[in-house]
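**Q** Okay, handing you the structure first.
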Amino acid sequence: MKRNLTFEEISDGKRYSAGDLAKIGCGDCNGCSECCRVTEDTIFIDPYDIYSLCGGLATSFAEMLDKSIGLTVVDSVVTPYLTKKEQDGACGFLNSEGRCGIHAFRPGFCRLFPLGRIYNDDGSFDYFVQVHECPYPNKTKVKIKSWLGIPSLSRYEEFVRTWHEITVNIRDCAVDNPTLAREANVRMLKIFYETPYDASEDFYAQFHERVLIYQGA
Ligand code: SF4
Ligand code: SF4
295 MKRNLTFEEI SDGKRYSAGD LAKIGCGDCN GCSECCRVTE DTIFIDPYDI YSLCGGLATS
355 FAEMLDKSIG LTVVDSVVTP YLTKKEQDGA CGFLNSEGRC GIHAFRPGFC RLFPLGRIYN
415 DDGSFDYFVQ VHECPYPNKT KVKIKSWLGI PSLSRYEEFV RTWHEITVNI RDCAVDNPTL
475 AREANVRMLK IFYETPYDAS EDFYAQFHER VLIYQGA
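First residue of the sequence shown: 295, per this note's numbering; consecutive thereafter.
In structure tokens, the structure reads:
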């Protein structure tokens, strides 16, 4: 998502890689669930997330749609997100103990927080610390790789770069050719979200196959 704030305003001014230590440790949240209570429909779901969620919950994208996943448009790209509870606006997966009910397969957006990603012109990205997002005092230094807790992180990061490229292409296409961008959104949604993944098989091989289909190879 493009932001209007400057990097210096929201971060400590540093860029990090997965092997770096960053001051983000918050004592296992220690009873706090603030960031899960004010999600404002911004827990965006990418294809890796839908693969993990559907596998973890033994469900499908179609079944989750409208119940726990909504669709919005971010920078001209149709983007699924986790819906919030009507009564208090908290994430629908926050349980009565104030803990994440899907912790083992929570979305990448939640794994990152309070980190963000900043993309370079060549499509690569760095991590950065969003210094105003988590109010926990005296944060400890944690290795970013451990914080994310994602197996095969280099493959995951390659997926993130590829997915970013696909969404940026739709966004850029929308400027000159909104009709083509609409068609790309429909194809993207169908190929990468609506078509079920096999949870017993490797995600990345399935994603790569879908990239080729999407690109018409
Ligand atoms: S705001 Fe910080 S301490 Fe509170 S739940 Fe979120 S990450 Fe944990
Ligand atoms: S999925 Fe879990 S970690 Fe993410 S906002 Fe919902 S309750 Fe919080």
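Backbone N, C-alpha and C define an ideal beta-carbon position, used for all residues, glycine too.
This one's a predicted model, so the numbers in the text were calculated from it and none came from an experiment.
Rounded to whole angstroms, how far is the Cβ of Ser-311 from the Cβ of Tyr-421, which I believe are closer than 8 Å?
**A** Yes, they are in contact, since the Cβ atoms of Ser-311 and Tyr-421 sit about 7 Å apart, within 8 Å.
**Q** For ligand 2, any of its heavy atoms closer than 7 Å to the Cβ of Asn-337?
**A** Note that residue 337 is Ile in the sequence shown, not Asn. True, at least one ligand heavy atom lies under 7 Å from that Cβ.
**Q** Is any non-hydrogen atom of ligand 1 found closer than 7 Å to the C-beta of Cys-385, if you look at the structure I gave you?
**A** No.
**Q** Which runs of the beta strand (DSSP E) fall wholly inside the region 301-348 and span at least 3 residues, in chain order?
**A** Taking only runs of at least 3 residues, the beta strand (DSSP E) segments lying wholly in the region 301-348 are 315-319.
**Q** Measuring only the C-alpha atoms, how far is Cys-323 from Lys-433?
**A** C-alpha separation (whole angstroms): 11 Å.
**Q** What's the C-alpha gap between Thr-489 and Arg-455?
**A** Their Cα atoms are separated by approximately 21 Å.
**Q** State buried or exposed for Leu-506, treating a residue as buried only when at least 16 other CB atoms are found within 10 Å of its CB.
**A** Leu-506 comes out exposed.
**Q** I think Cys-428 touches Cys-320, with their Cβ atoms under 8 Å apart; what is that distance to the nearest whole Å?
**A** Right, the Cβ-Cβ distance comes to about 6 Å (below 8 Å), so this counts as a contact.
**Q** What do you reckon, is the C-beta of Glu-328 under 7 Å from a heavy atom of ligand 1?
**A** Glu-328: yes, Cβ under 7 Å from ligand 1.
**Q** Starting from Tyr-498, trace the alpha helix (DSSP H) both ways and give me its first and last residue.
**A** Run containing Tyr-498: 497-508, per the alpha helix (DSSP H) assignment.
**Q** Taking all protein chains shown into account, do 16 or more other C-beta atoms lie within 10 angstroms of the C-beta of Thr-377, making it buried, or fewer, making it exposed?
**A** With 16 or more Cβ atoms within 10 Å of its Cβ, Thr-377 is classed as buried.
**Q** If we count the other Cβ atoms within 10 Å of its Cβ and call it buried at 16 or more, is Thr-473 buried or exposed?
**A** Classification for Thr-473: exposed.
**Q** Tell me the residue span of the alpha helix (DSSP H) that contains Arg-393.
**A** Careful: Arg-393 lies outside any alpha helix (DSSP H) and carries neither H nor E.
**Q** Is there contact between the region 385-402 and the region 336-344, where contact requires at least three CB pairs shorter than 8 Å?
**A** Yes, they touch.
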